[in-house]
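Quick note: the sequence shown uses UniProt numbering, first residue 1, plus one each step. Below is one structure, written out as structure tokens; comments come after it.
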Amino acid sequence: MPVPVDIRITVHLDQGGTPALPDPHPVPRWWSRIRIGYNLALAALSLTLAGPWAALLTAVRDEASLAGAWVMALIPLTVLAVLDNARRAELAGAHPDLWAPKWLAALTRLLLWAAVLGTVLTLPITTLVYALTGVKPA
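Printed below as a string of structure tokens:
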């Protein structure tokens, strides 16, 4: 009768901490995901709305104050920027065949471009002139 063989093996692995996770799939950087043609088209279309917005800001600047015009410009800009971000997130999670999220995101971006362009065309140059020359409106 053969004698049973008893073999014992002990293995110690030192990995130097927790094992590293594999790198996720690379995603394009934010600057490579900007759709230049889409944004240029929306900016051009928004000029029809930016003109009346700039005229309104000019009226507030001339009749009330420059600070009041800035406040009036920055509040809608902030609201539209947050809404634009929410619409983009909604669009990213929506089914590709749905049109409503695409239209809502485009409309929000159009309004954001109109607010940005109307503000840029009206307030910064006047503010710079007032700051550099010290001239206060009468």
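No residue lacks a Cβ here, since even glycine has one placed at the ideal position from N, Cα and C. Bear in mind that the values here come from a model prediction, so they are computed numbers and not experimental data.
7 Å CB neighbourhood of residue i in its chain, flanking five on each side removed
i, result
"W113", "L42, A43 and S46"
"W68", "For clarity, residue 68 is Gly in the given sequence; the question names Trp instead. Closer than 7 Å at Cβ, skipping near neighbours: V60."
Nonlocal neighbours in the same chain, by C-beta distance under 8 Å from residue i, ignoring five residues either side
i, result
"L110", "L42, L45, S46 and L49"
"T108", "L80, L83, D84 and R87"
For residue i, the first and last residue of its enclosing alpha helix (DSSP H)
i, result
"M1", "No alpha helix (DSSP H) holds M1; DSSP gives it neither H nor E."
"L77", "L66 to G93"
"D6", "Careful: D6 lies outside any alpha helix (DSSP H) and carries neither H nor E."
"D62", "I36 to E63"
"P24", "Looking at the DSSP string, P24 is not in any alpha helix (DSSP H), and its letter there is neither H nor E."
"W113", "A100 to T133"
C-beta contact flag for residue i and residue j at 8 Å
i, j, result
"T119", "L57", "yes"
"L123", "A73", "yes"
"E90", "P76", "no"
"W53", "A92", "no"
"T126", "L66", "yes"
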